[in-house]
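Number of protein chains: 2
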Amino acid sequence: MSVRPSRGRRPGAPDTRADVLAAARASFAEKGFRGTTIRAVAAAAGVDPALVHHYFRTKDDLFVAALELPMDPRQLFAPVVAQGPDGAGERLLRTALSVWDDPAVQPQLLAVARSILSEDGGRLLKEGFLPVVIGPVLAALTRDRPEERVPLVATQVIGLIVARYVIAVPAVAELPAEDLVARVGPVLQHYLTGDLP
Amino acid sequence: MSVRPSRGRRPGAPDTRADVLAAARASFAEKGFRGTTIRAVAAAAGVDPALVHHYFRTKDDLFVAALELPMDPRQLFAPVVAQGPDGAGERLLRTALSVWDDPAVQPQLLAVARSILSEDGGRLLKEGFLPVVIGPVLAALTRDRPEERVPLVATQVIGLIVARYVIAVPAVAELPAEDLVARVGPVLQHYLTGDLP
DNA sequence: AGCACAATTCAACGCATGATGAAAAACGTG
DNA sequence: CACGTTTTTCATCATGCGTTGAATTGTGCT
Numbered sequence: 764m765s766v767r768p769s770r771g772r773r774p775g776a777p778d779t780r781a782d783v784l785a786a787a788r789a790s791f792a793e794k795g796f797r798g799t800t801i802r803a804v805a806a807a808a809g810v811d812p813a814l815v816h817h818y819f820r821t822k823d824d825l826f827v828a829a830l831e832l833p834m835d836p837r838q839l840f841a842p843v844v845a846q847g848p849d850g851a852g853e854r855l856l857r858t859a860l861s862v863w864d865d866p867a868v869q870p871q872l873l874a875v876a877r878s879i880l881s882e883d884g885g886r887l888l889k890e891g892f893l894p895v896v897i898g899p900v901l902a903a904l905t906r907d908r909p910e911e912r913v914p915l916v917a918t919q920v921i922g923l924i925v926a927r928y929v930i931a932v933p934a935v936a937e938l939p940a941e942d943l944v945a946r947v948g949p950v951l952q953h954y955l956t957g958d959l960p
Numbered sequence: 764m765s766v767r768p769s770r771g772r773r774p775g776a777p778d779t780r781a782d783v784l785a786a787a788r789a790s791f792a793e794k795g796f797r798g799t800t801i802r803a804v805a806a807a808a809g810v811d812p813a814l815v816h817h818y819f820r821t822k823d824d825l826f827v828a829a830l831e832l833p834m835d836p837r838q839l840f841a842p843v844v845a846q847g848p849d850g851a852g853e854r855l856l857r858t859a860l861s862v863w864d865d866p867a868v869q870p871q872l873l874a875v876a877r878s879i880l881s882e883d884g885g886r887l888l889k890e891g892f893l894p895v896v897i898g899p900v901l902a903a904l905t906r907d908r909p910e911e912r913v914p915l916v917a918t919q920v921i922g923l924i925v926a927r928y929v930i931a932v933p934a935v936a937e938l939p940a941e942d943l944v945a946r947v948g949p950v951l952q953h954y955l956t957g958d959l960p
């Protein structure tokens with residue numbers, strides 16, 4: 764029984780790079796940037812820490828590589844915007860929940876959310892992502908006074924995301940998506956097009 | 764001009780312990796537990812790191828010391844609960860915002876929030892603070908089906924807190940508290956006592 | 001005045017982390 | 001089959017962290 768020598772290339776064609784990236788995504792999603800150590804990522808991928816540096820030069824680079832989304836958010840919300848403000852609350856929420864509930868993207872989204880919420884490096888995202896990509900989408904769903912309505916919508920959506928995915932409050936996390944759409948959707952609709960006192 | 768010798772006790776009666784605690788509160792509020800280093804706290808207080816350990820034995824102890832609130836949340840919300848569910852949405856929000864906007868307590872609250880949101884150690888708070896102290900208060904403001912209503916209220920309140928104080932989204936953070944009460948209060952009222960689809 | 005005690009700093013420890021450079025093993029191409 | 005390239009590990013470095021123990025200086029009591 765021949766054992767693999769400790770040093771050098773492994774036999775076969777294992778996609779170690781992808782393993783490392785997956786491990787990094789999981790760790791960034793669960794522990795945030797600071798809480799993630801290169802050594803832990805390497806261990807989770809069954810690999811030497813130096814290999815992580817070989818593929819992704821620095822920890823920052825690994826982070827941005829792990830963040831890459833498989834879709835463009837503006838494109839995702841394009842259908843929602845296309846149908847106009849009527850019923851936008853429920854459509855918006857249904858779309859957002861469907862992508863957040865997709866296990867193929869959830870780690871990336873969670874990593875983004877955690878970095879926006881806590882880490883210093885998230886200032887770029889906080890000042891770039893929210894106003895530049897989310898803001899216009901919401902604004903397009905209002906009929907008037909978007910600068911007053913968008914922040915209100917944002918608070919409710921942010922709260923839902925944070926409670927359901929970041930903190931994972933059981934009472935919110937275990938609810939079927941359609942229940943949330945039915946109950947929170949009308950509130951979003953009210954923020955988008957209802958009377959503002 | 765006599766200079767203070769580097770070692771030994773300082774002349775006068777400076778409350779260095781309080782300075783350290785204040786610096787710790789500010790740092791925990793802004794950077795969270797992991798992001799706060801004892802050395803940085805000591806530097807901000809103009810003090811040697813060893814002194815921090817002298818007063819608060821370990822970093823964990825310093826954290827719980829920094830967390831201590833000057834009031835009991837249940838007592839704070841007692842008047843809100845006493846007046847019953849009618850108009851509770853606005854009263855609840857007004858009370859919550861008044862304490863969050865109070866600079867004397869905001870650092871502690873932010874530290875709690877940050878630790879709930881991001882750090883691993885926050886699990887104690889997440890599973891103790893939210894269901895044990897906040898939950899009952901909200902439940903007392905409903906007339907029926909609290910187990911369905913409380914989570915909905917929670918999402919909206921959490922979103923408001925996170926947007927206004929943790930992320931500090933300008934459009935939400937700069938709004939006068941009464942504007943928020945007027946616009947979000949009715950939504951909370953709806954979650955508390957309105958029709959649930 | 002003397003002395004116990006509190007306050008404060010210095011110097012150092014052990015540890016974990018991000019990063020680097022060289023060496024070894026398998027692969028792919030000619 | 002030989003040789004350059006890619007993949008992988010090892011050994012190591014410098015840095016920053018939490019923590020500790022001893023040393024020094026002021027305060028307050030008797």
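Those protein sequences? They're chains P and B, same order as listed.
Residue numbering for the first sequence follows our numbering, starting at 764 and increasing by one per position.
Residue numbering for the second sequence follows our numbering, starting at 764 and increasing by one per position.
Cβ coordinates follow ideal geometry from the N, Cα and C atoms, glycine included.
Here the structure is a predicted model, which means the values were calculated and not measured.
{"Asked": "Use the C-beta contact count for glutamine 952 of chain B: other C-beta atoms within 10 angstroms, 16 or more gives buried, fewer gives exposed.", "Found": "buried"}
{"Asked": "Entirely within the region 886-918 of chain B and at least 4 residues each: give me those alpha helix (DSSP H) ranges in chain order.", "Found": "886-892, 898-902"}
{"Asked": "Comparing alpha-carbon positions, which option in B:Asp849, B:Arg797, B:Ala786, B:Gln871 lies nearest alanine 903 of chain B?", "Found": "B:Asp849"}
{"Asked": "Once the 5 residues before and after valine 932 of chain P are set aside, which same chain residues still bring their CB inside 6 Å of it?", "Found": "Ala926"}
{"Asked": "Do three or more CB pairs link the region 789-799 of chain B to the region 868-876 of chain B at distances below 8 Å?", "Found": "yes"}
{"Asked": "Taking only runs that begin and end inside the region 799-887 of chain B, name each unbroken alpha helix (DSSP H) of 4 or more residues, in chain order.", "Found": "801-807, 812-818, 822-830, 836-845, 851-863, 869-880"}
{"Asked": "Measuring straight from C-alpha to C-alpha, what distance separates proline 914 of chain P and valine 875 of chain B?", "Found": "24 Å"}
{"Asked": "Quick check: leucine 880 of chain P and valine 929 of chain B, are their CB atoms within less than 8 Å of each other?", "Found": "yes"}
{"Asked": "Mind checking whether leucine 938 of chain B and valine 916 of chain B have CB atoms under 8 Å apart?", "Found": "no"}
{"Asked": "Could you say if the region 889-900 of chain B and the region 827-844 of chain B meet the contact criterion of at least three C-beta pairs nearer than 8 Å?", "Found": "yes"}
{"Asked": "With respect to the alpha helix (DSSP H) encompassing arginine 946 of chain B, which residues constitute its N-terminal and C-terminal limits?", "Found": "940-956"}
{"Asked": "Interface residues of chain P around proline 909 of chain B at Cβ under 9 Å?", "Found": "Result: empty, since nearest Cβ-Cβ is about 10 Å, beyond 9 Å."}
{"Asked": "Using a Cβ-Cβ cutoff of less than 6 Å, which residues in the same chain neighbour arginine 857 of chain B once the five nearest sequence positions on both sides are dropped?", "Found": "Val944"}
{"Asked": "Counting only C-beta atoms, is threonine 858 of chain B closer than 8 Å to chain P at any point?", "Found": "no"}
{"Asked": "Under a three-way DSSP split, which group does alanine 926 of chain P fall into?", "Found": "helix"}
{"Asked": "Using the Cα positions of alanine 851 of chain P and aspartate 907 of chain P, report the straight-line distance between them to the nearest angstrom.", "Found": "14 Å"}
{"Asked": "Using a threshold of 7 Å, is the CB atom of tyrosine 928 of chain P nearer than that to any non-hydrogen atom of the ligand ATP?", "Found": "What this structure holds is no ligand at all, so the ligand ATP is not there to describe."}
{"Asked": "Here's the rule I'm using: 16 or more other beta-carbon atoms within 10 Å means buried, otherwise exposed. How should glutamine 846 of chain P be labelled?", "Found": "exposed"}
{"Asked": "Do you know whose CA, among B:Ser878, B:Gly798, B:Ala859, lies nearest valine 827 of chain B's CA?", "Found": "B:Ser878"}
{"Asked": "Using a Cβ cut-off of 8 Å, pull out every chain B residue sitting near proline 812 of chain P, in sequence order please.", "Found": "The contacting residues do not exist; proline 812 of chain P stays about 20 Å from chain B at best."}
{"Asked": "What would DSSP say about serine 790 of chain P, mapped onto helix, strand or coil?", "Found": "helix"}
{"Asked": "Does the beta carbon of leucine 955 of chain P sit closer than 8 Å to a beta carbon anywhere in chain B?", "Found": "no"}
{"Asked": "Quick one: using the 10 Å Cβ neighbour count with 16 as the cut-off for buried, is glutamate 890 of chain B buried or exposed?", "Found": "exposed"}
{"Asked": "Which one of B:Pro909, B:Val935, B:Glu910 has the shortest CA to CA distance from threonine 1047 of chain P?", "Found": "Residue 1047 of chain P lies beyond the range of chain P shown here (764 to 960); nothing can be said about it."}
{"Asked": "Measure from the C-beta of valine 862 of chain B to each C-beta in chain P and report whether the shortest distance is under 8 Å.", "Found": "no"}
{"Asked": "Mind checking the region 913-925 of chain B against chain P and listing, in chain order, the residues whose C-beta falls within less than 9 Å of any C-beta there?", "Found": "Val913, Pro914, Leu915, Ala917, Thr918, Gln919, Val920, Ile921, Gly922, Leu923, Ile924, Val925"}
{"Asked": "Could you compute how far the alpha carbon of proline 949 of chain P sits from the alpha carbon of aspartate 942 of chain B?", "Found": "21 Å"}
{"Asked": "When DSSP labels each residue in this structure, what does alanine 776 of chain P get in the three-state scheme?", "Found": "coil"}
{"Asked": "Please work out which residues of its chain come closer than 7 Å, Cβ to Cβ, to valine 843 of chain B, disregarding the five sequence neighbours upstream and downstream, and give them in chain order.", "Found": "Ala851, Arg854, Leu855, Thr858"}
{"Asked": "Who are the neighbours of glycine 847 of chain P on chain B, taking C-beta pairs under 7 Å?", "Found": "The premise fails here: glycine 847 of chain P is roughly 22 Å from chain B at the closest Cβ pair, so nothing lies under 7 Å."}
{"Asked": "Does any C-beta atom of chain P lie closer than 8 Å to the C-beta of alanine 945 of chain B?", "Found": "yes"}
{"Asked": "How many angstroms separate the CA atom of aspartate 823 of chain P from the CA atom of leucine 825 of chain B?", "Found": "30 Å"}
{"Asked": "Would alanine 940 of chain P pass as a contact of aspartate 864 of chain P if the rule is Cβ separation under 8 Å?", "Found": "yes"}
{"Asked": "Comparing the C-beta of serine 881 of chain B with each C-beta of chain P, is any distance below 8 Å?", "Found": "yes"}
{"Asked": "Please name the residue, chosen from B:Pro774, B:Ala841, B:Ala807, B:Ala781, that lies closest to phenylalanine 819 of chain B on a Cα-to-Cα basis.", "Found": "B:Ala781"}
{"Asked": "Tell me whether the beta-carbon of lysine 959 of chain B lies closer than 8 Å to the beta-carbon of arginine 788 of chain P.", "Found": "The residue asked about is misnamed: residue 959 of chain B is leucine in this sequence, not lysine. Contact flag unset, no."}
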